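Structure record follows, encoded as structure tokens.
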Amino acid sequence: MGGYLIGVDIGTTGTKSMLFSPDGEALCHAYASYPLYTPENSVCEQDARDWWRATVETVRKVVSDAGCADDVAGISLSLQGGTLVPVDEKFEPLRPAIVWSDSRCSSQAARFRERFGDRYMYEKSGWNLSGGLNAMQIAWIRENEPDVFKRTRMFLSVPDYISARLTGRAVVDISDVGINQLADIRTGRYDKNILDFAGIEESQLAEIAPSCQPIGELTREAMSELGLRGKVVLSAGAHDQYAALLGAGVTGAGDVLIGTGTAWVVTALTERPDFNTGFAQSVSATKGRWGSLVSLSTGGVCLDWMLSNVAGGEGSEKISYAALNEKLNNERLQGRDGGLMFFPYFSGASYPVKDANSKASFIGLDLSHDRYDMALAIMRGVASHTAWTLEGFQGEYGRGKVKMSGGATKSPVWTQIVADTVNRPVSIPATPDLTCVGAAIMAGVGAGIFASTGEGYEAVAVSERTIEPDAKKASMYSEALEVYKARAKALKDVYNCQAMLRGDAART
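Under our numbering, think of the first position of the sequence shown as 483, with each following residue one higher.
See the structure below:
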């Protein structure tokens, strides 16, 4: 058995695989996409077999490119969480998978809340009760598709479905079983009350394992499909946010990763869970550590929206991101905002404002402002929201090193604004595929290549650059943050007043 490692990230719209050499060098990368199906409002599904096809395609590609079919020691996974697929005895899907973003299960969630209260699901699973995710999805299938429910041998999610296809053994990692909302993450066992509500037995669910634990050797059939030979060990992986933590080298309690994609996700590594914050809590991939997570669901979408619908409307030349950054990288422009502020609540405010009625808003807009001022205000607004979020972490948590990943790291303007607003150095890893890096580290631990995740990160350490805060601007942004907080709270009152006038104040 060789020492090559493969990290696979199975996301919502595609799968990536990366191959690492025994000395930690990233050698090859491959990506395969697949569709989402949204036939009606609140419904989002996909074919679970697409996850397998994409895994096979990308693993075969990186192994073939490197010519190391005989030398792979281990494989592990980074995963989308909360997506459900019912399968038969042969692990064949009985219906399309219900994706985590699907929200058809609101009535089931309402009944669960009525029976168990507002906090029960959060205190058990670490995630607030949702109108989707596995527990409510299973209840929905039982009530709406009784034939499928009766024929289902196991209710699986992405990690356990892929685990079953690779090894014949359905195993889910502890971080994903939390977001699936079926288990008590503090005990690592399924919760009987939740299972009773869903109408299933524990035997219908996957085994639970900590991240990095070896699950088993790949079957002969799986090896053949993946283009591998010899013996390869599959190790339990992690939910994508926690895999990214590991890939970024966030391994010390108090350290933070700001992930900047469609959503901006702030995750801090902690020594223990903190259910007082209301943030998502999960056992992390680093032994003895927890991850505390909160997101701004439209953090990255805000700028996309402005460039497409305001700065790039009909008859207007659309600004490229490169041109935007070049224009905004101007001290005179950055100094003439005139009090313009943006509040990035396109889908309501989950934290710190916590208000479903809040909307995205500009305050202070006048005739002197143009599209560049608006873009700059958006960058500052998202950074202000992120800095405010960091204040919500308790005690020493969220006070350590700050790292940043994702699309916004390509912008020298936005990254500098973040560093100035949080008033801390911000490190930016060179690779965008931190989830694959984290998965490869877990594969190495499970295969016995690394003694710990810390040793694994040192072996595959990703180069990074650090953005230092500008003292003068940091002082300015500190004062602006207090104004931002006050205006965000005032906006909450405005939008709740509107909701009352419309007669739907119950949403608050």
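Don't be surprised by glycine CBs; every beta carbon is placed ideally from N, CA and C.
All of these numbers come straight from a predicted model, not from anything done at the bench.
Residue(s) in a DSSP beta bridge with residue i
{"i": "A514", "result": "T497"}
{"i": "T742", "result": "W746 and G888"}
{"i": "Q763", "result": "S774"}
{"i": "Y672", "result": "A665"}
{"i": "P696", "result": "S717"}
{"i": "L561", "result": "I492 and H721"}
{"i": "Y486", "result": "V554"}
{"i": "S909", "result": "K885 and T948"}
{"i": "A831", "result": "D837"}
{"i": "Q528", "result": "A579"}
{"i": "P568", "result": "F637"}
{"i": "V654", "result": "I690"}
Sub-8 angstroms separation of residue i and residue j beta-carbons
{"i": "I949", "j": "P907", "result": "yes"}
{"i": "Q528", "j": "P521", "result": "no"}
{"i": "N616", "j": "F637", "result": "yes"}
{"i": "S645", "j": "I697", "result": "yes"}
{"i": "L566", "j": "I620", "result": "yes"}
{"i": "L611", "j": "V545", "result": "no"}
{"i": "G782", "j": "A890", "result": "yes"}
{"i": "S764", "j": "F875", "result": "no"}
{"i": "I860", "j": "V640", "result": "no"}
{"i": "T868", "j": "V900", "result": "yes"}
{"i": "G888", "j": "G743", "result": "yes"}
{"i": "L822", "j": "V895", "result": "no"}
{"i": "V884", "j": "W746", "result": "no"}
{"i": "A912", "j": "V944", "result": "yes"}
{"i": "V541", "j": "S499", "result": "yes"}
{"i": "L710", "j": "L687", "result": "no"}
{"i": "W582", "j": "G563", "result": "yes"}
{"i": "V659", "j": "I557", "result": "no"}
{"i": "V927", "j": "G938", "result": "yes"}
7 angstroms CB neighbourhood of residue i in its chain, flanking five on each side removed
{"i": "S515", "result": "T495 and G496"}
{"i": "W622", "result": "R586, C587 and Q590"}
{"i": "A536", "result": "G496, T497, A514 and Y516"}
Sequence-distant residues of its chain with Cβ nearer than 6 angstroms to residue i (five each side left out)
{"i": "E707", "result": "V538"}
{"i": "S893", "result": "N807"}
{"i": "S693", "result": "D655, A718, A720, A767 and M924"}
{"i": "R771", "result": "L751"}
{"i": "S588", "result": "G613"}
{"i": "P504", "result": "G485"}
{"i": "A512", "result": "S499, T540, K543 and V544"}
{"i": "G506", "result": "A941 and V942"}
{"i": "L916", "result": "A726, G729, A730 and S887"}
{"i": "C918", "result": "G489, D491, K498 and M500"}
Beta-carbon contacts of residue i that lie in its chain and below 8 angstroms, excluding the five residues immediately before and after
{"i": "T990", "result": "A caution first: T990 carries a pLDDT of 43, below 50, which makes its placement in the model too unreliable to give a value."}
{"i": "T871", "result": "V748, V776, L778, Y833 and P834"}
{"i": "E625", "result": "Q590"}
{"i": "R651", "result": "S645, E689, I697 and G698"}
{"i": "K974", "result": "A831, V835, D837, N839 and S840"}
{"i": "K971", "result": "V835"}
{"i": "E627", "result": "R577"}
{"i": "V732", "result": "V738, L739, T749, L751, K883 and K885"}
{"i": "T649", "result": "I697, G698, E699, L700, T701, A704 and L716"}
{"i": "R853", "result": "M788, V792, A793 and I801"}
{"i": "S829", "result": "S779 and T780"}
{"i": "A691", "result": "V653, V654, D655, I656, I697 and A718"}
{"i": "L963", "result": "S866, A869, W870 and T903"}
Selected residue, minimal CA-CA separation from residue i, among the options
{"i": "F679", "options": "G882, E596, A933 and N523", "result": "E596"}
{"i": "E605", "options": "N791, I676, Y519 and P951", "result": "I676"}
{"i": "G734", "options": "R881, D975 and L509", "result": "R881"}
{"i": "D737", "options": "V965, A726 and T897", "result": "A726"}
{"i": "N758", "options": "G608, F631, N812 and V554", "result": "G608"}
{"i": "P568", "options": "V630, A592 and S583", "result": "V630"}
{"i": "D584", "options": "R633, L789, Y966 and V525", "result": "V525"}
{"i": "Y470", "options": "Y966, G563 and D786", "result": "Past the boundaries of the shown model lies residue 470; the chain is included only from 483 to 990, so the question cannot be answered."}
{"i": "V965", "options": "D532, F824, S829 and K632", "result": "F824"}
{"i": "I931", "options": "P914, A968, Q695 and Q898", "result": "Q695"}
{"i": "M856", "options": "E873, V919, S790 and A941", "result": "S790"}
{"i": "S909", "options": "G741, L983 and S957", "result": "G741"}
{"i": "E571", "options": "E683, T897, Y602 and T634", "result": "T634"}
{"i": "Q723", "options": "N812, L559 and H851", "result": "L559"}
{"i": "A842", "options": "L849, D600 and V976", "result": "V976"}
{"i": "M618", "options": "N662, D600, Y643 and R647", "result": "N662"}
Open item on the list: Measuring CB atoms only, is the region 891-907 touching the region 748-765, in the sense that at least three cross pairs come out at less than 8 angstroms?
Closed with: With the cut-off at 8 angstroms, the region 891-907 and the region 748-765 do not touch.
TODO: Mind the definition here: the region 571-580 touches the region 668-685 only if three or more C-beta pairs lie below 8 angstroms; say whether that holds.
DONE: Contact between the region 571-580 and the region 668-685 is absent, with fewer than three C-beta pairs closer than 8 angstroms.
Task: the region 486-494 / the region 542-561 touching (three or more Cβ pairs under 8 angstroms) - done: Counting Cβ pairs under 8 angstroms, three or more are found: they touch.
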